[in-house]
Amino acid sequence: MLPAALLQSLADIPGFDAAAFEAVHAAGAPPVSIRLNPGKQPAGDPGWEFGSQVPWCPYGRYLPSRPSFTLDPLLHAGAYYVQEASSMFLWHIFQQLAGADTKKKLLDLCGAPGGKSTLIASYFRDGLVVTNEVIKQRAQVLVENITKWGGDNTIVTNNDPSHFKSLPGYFDILVADAPCSGSGLFRKDPDAISEWSEDNVALCSQRQQRILADALPALKADGFLVYCTCSYSVEEDEAIGNWLVNEMDMEGIRIPLNADWGIVETSLYPGSYGYRFYPDRVKGEGFFAAVFRKRSESTGRFKEQSLAMATKQELQQLFSFITIPEAFSFFRSAESIRAIRTEWLNALRELAGSLYIKKAGVEIGSIKGRDIVPS
């Protein structure tokens, strides 16, 4: 039984149909979808029958049934990511905000477990993606999933959002998939129904404001904030947008939609737009997204931390088994040699001066005495 208080709160929200909403939740399991890794295609055929493409993401695929993903080596090789289809809408948002200009600096503020971060890294293939998770255990899961995906343009950090204030005006795009009350995932996790409450919605709304207020100084003037939740509650969705416009000097950005997609655009408050995904209207779970442009400017200087670069002897060994080494710079991290594109080396120094970095670039090999063993 869905919470009566939730249903009542949604009664007057555009796109909400109580009977259809309750019926789809009673119907059982949600659709199954994956997102292919464009950097590892063709990586082999998983042997499944693909259904249709996710309309708003060219690499999204529906599956007619749920296979045993954990037994598939292609999953562990990063050939695809099991991701709920609605959240792949970020791909369409990026097409509108950036188009073919993919050389941007992005921050995925609440990155774990890595679904949106891997999508961001795939779209902004020429950019630099910093994906952050404040909880240590979840940050390790994020490291593992980013490693499988294979992004040489990704840095994983383990920081509180407030730590990003020391990087004023640094990022072109900030993505915040904020912790929420989770009503959009009731089909996936029925236990969440009993945990939902109006008090928790209010608590989440306050936490979302704190997270955004802490991190927004790191977004440059005219940069974009992509805000999203898996909640249906206005307090966590459109009301946050209203707060951003009125209190944080942000401008709401409208995203064009295909009418056939079933996504509902809302404009409950002046100056902002929201995009709602209802499971009775789209082939996906409950989701909300909104986009904002930052009006004000944040300026300051960045601290830098020096890196231990690979020695001449180590480079000679590396170059014996690496193609196009001239595109990368190589540095030591613990007992390994890692590679990052040379164009982002200074950025890594700047980020290391303010943040706790869990992983940067790609591990090339481990150091064993005077030898380097390829990873």
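In short: position in the sequence shown from 1, add 227, done, that's the working numbering.
Ideal placement from N, C-alpha and C gives every residue a C-beta, glycine not left out.
Source: prediction; values computed, not measured.
Legend entry - Rounded Cβ spacing between Ala517 and Tyr500 (contact assumed at less than 8 angstroms): Contact annotation, Ala517 with Tyr500: C-beta distance approximately 6 angstroms; criterion of less than 8 angstroms satisfied.
Legend entry - Same chain, Cβ closer than 8 angstroms to Ala270, five either side skipped, listed in chain order: For Ala270, the pLDDT reaches just 48, beneath the cut-off of 50, and the residue's location in the model is therefore unreliable, although a value from the coordinates is still provided. When the five nearest sequence neighbours on each side are left out, the beta carbons in the same chain lying within less than 8 angstroms of the beta carbon of Ala270 are those of Asn264, Leu301, Ala304, Ala306, in order along the chain.
Legend entry - Spatial distance of Phe548 from Ser458 (CA atoms): Whole-angstrom Cα-Cα distance: 48 angstroms.
Inset, instruction - Could you pull the start and end residues of the beta strand (DSSP E) that Phe555 belongs to? - result: 555-560 is the span of the beta strand (DSSP E), which, as asked, contains Phe555.
Inset, instruction - Would you mind listing the beta strand (DSSP E) stretches within the region 270-353 that are 3+ residues and don't spill past its ends, in chain order? - result: The qualifying runs are 287-290, 307-309, 332-335.
Inset, instruction - Would you please state the rounded distance, in angstroms, between the beta carbons of Gln281 and Lys343? I believe it to be under 8 angstroms. - result: It is worth fixing the name first, because residue 281 is Val in this sequence and not Gln. Incorrect: roughly 14 angstroms between the Cβ atoms, too far for contact.
Inset, instruction - State the Cα-Cα distance for the pair Met228 and Tyr505, rounded to the nearest angstrom. - result: Going from the Cα of Met228 to the Cα of Tyr505 covers about 17 angstroms.
Legend entry - Beta carbon of Val357 nearer than 9 angstroms to that of Leu324: No; because the gap between Cβ atoms is not below 9 angstroms, this pair is not in contact.
Inset, instruction - Might you give, ordered along the chain, the residues of its own chain that have their beta carbon closer than 6 angstroms to the beta carbon of Phe243, omitting 5 neighbours on each side? - result: Excluding sequence neighbours, Phe243 sits near Leu237.
Legend entry - Touching by the beta-carbon criterion (3+ pairs, under 8 angstroms), the region 407-425 and the region 447-465: For the pair of segments examined, the region 407-425 was found to touch the region 447-465: the number of CB pairs separated by less than 8 angstroms reaches three.
Legend entry - C-beta contact flag for Val259 and Leu298 at 9 angstroms: No, the Cβ-Cβ distance between Val259 and Leu298 is not below 9 angstroms.
Inset, instruction - Kindly confirm or deny that the region 507-521 and the region 532-541 touch, where touching means at least three C-beta pairs closer than 8 angstroms. - result: A contact is defined here as three or more CB-CB pairs under 8 angstroms, and the region 507-521 fails this definition with respect to the region 532-541.
Legend entry - Between the CA atoms of Pro340 and Arg365 - distance to the nearest angstrom: Within the model, the alpha-carbon separation for Arg365 versus Pro340 is close to 7 angstroms.
Inset, instruction - Within the same chain, show all residues whose beta-carbon is closer than 8 angstroms to that of Lys447, passing over the 5 residues directly before and after it, in chain order. - result: Contacts found: Gly396, Tyr397, Phe398, Asp399, Lys521, Glu524, Ser525.
Legend entry - Status (buried if at least 16 other CB within 10 Å, exposed otherwise) for Val600: Note on Val600: under 16 other CB atoms within 10 angstroms of its CB, so exposed under the neighbour-count rule.
Legend entry - Of the residues Cys455, Ala245, Ala231, Lys415, the one placed nearest Arg508, counting alpha carbons only: Per the Cα distances, Ala245.
Legend entry - Beta-carbon proximity of Leu471 to Tyr454, cut-off 9 angstroms: Yes, the Cβ-Cβ distance between Leu471 and Tyr454 is below 9 angstroms.
Inset, instruction - Closer than 8 angstroms by C-beta to Arg434: which residues in its own chain qualify, once you throw out the five before and the five after it? Chain order, please. - result: Counting only residues of its own chain and dropping the five nearest sequence neighbours on each side, Arg434 has a CB closer than 8 angstroms to the CB of Ala405, Pro406.
Inset, instruction - Could you check which residue in Ser424, Pro388, Gly377, Arg597 has the C-alpha nearest to that of Lys267? - result: Nearest of Ser424, Pro388, Gly377, Arg597 to Lys267, Cα basis: Gly377.
Legend entry - Inter-residue Cα distance where the pair is Phe451 and Phe391: Their Cα atoms are separated by approximately 16 angstroms.
Inset, instruction - Kindly confirm or deny that the region 563-572 and the region 589-598 touch, where touching means at least three C-beta pairs closer than 8 angstroms. - result: A contact exists between the region 563-572 and the region 589-598.
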